[in-house]
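Below is one structure, written out as structure tokens; the observations come after it.
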């Protein structure tokens, strides 16, 4: 009966390892979602930079009002661009300054994405190690079962 209890303990360990692996998979998924969200922000910034660089004073644009509603507006002066600085603050910048501010924000997003990718790689490495550990535990359980079977056959 003692051997059966040891196998049960191994099963408990296996279950714990499986739960840890599942948690890590969820963590990887969350990191992937955050990276995707940041990449979408980068795309928005790229579009804003392109608009600032290509629009002229007197151009007609559609301005979002919210709720998927837009209004046509004419740009009076492209040299006066209001750019969000973060933390609820905005500042008026001339065209070049606005582009520079947006490029800095994009670089900050690049750094954050890089950090998240590093974190994801670490989690994936840990997952691989746990999966190898689970596989070894499974092999040990199989060997124990075979040994028990041999002993019972004798």
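In my numbering, the protein residues as written are -2 to 151.
We put the CB at the ideal spot given by N, CA and C, even for glycine.
The beta carbon of residue 52 is closer than 8 Å to those of 58, 72, 75 in its chain, skipping five residues each way along the sequence. In this chain, the beta strand (DSSP E) harbouring residue 83 covers 78 to 83. Sequence-distant partners of residue 92 (beyond 5 residues in either direction) whose C-beta falls short of 8 Å from its own C-beta, in its chain, are 49, 50, 75, 76, 78. Excluding its 5 nearest sequence neighbours in each direction, residue 42 has C-beta neighbours in its own chain below 7 Å: 99, 102, 103, listed in chain order. With contacts defined as CB atoms closer than 8 Å, residue 121 and residue 60 fail to qualify as a contacting pair. Around the beta-carbon of residue 34, fewer than 16 other beta-carbon atoms lie within 10 Å, marking it exposed. Judged by their CB atoms, residue 95 and residue 80 are nearer to each other than the 8 Å cut-off. For residue 36, the number of other beta carbons within 10 angstroms of its own is below 16, and it is reported as exposed.
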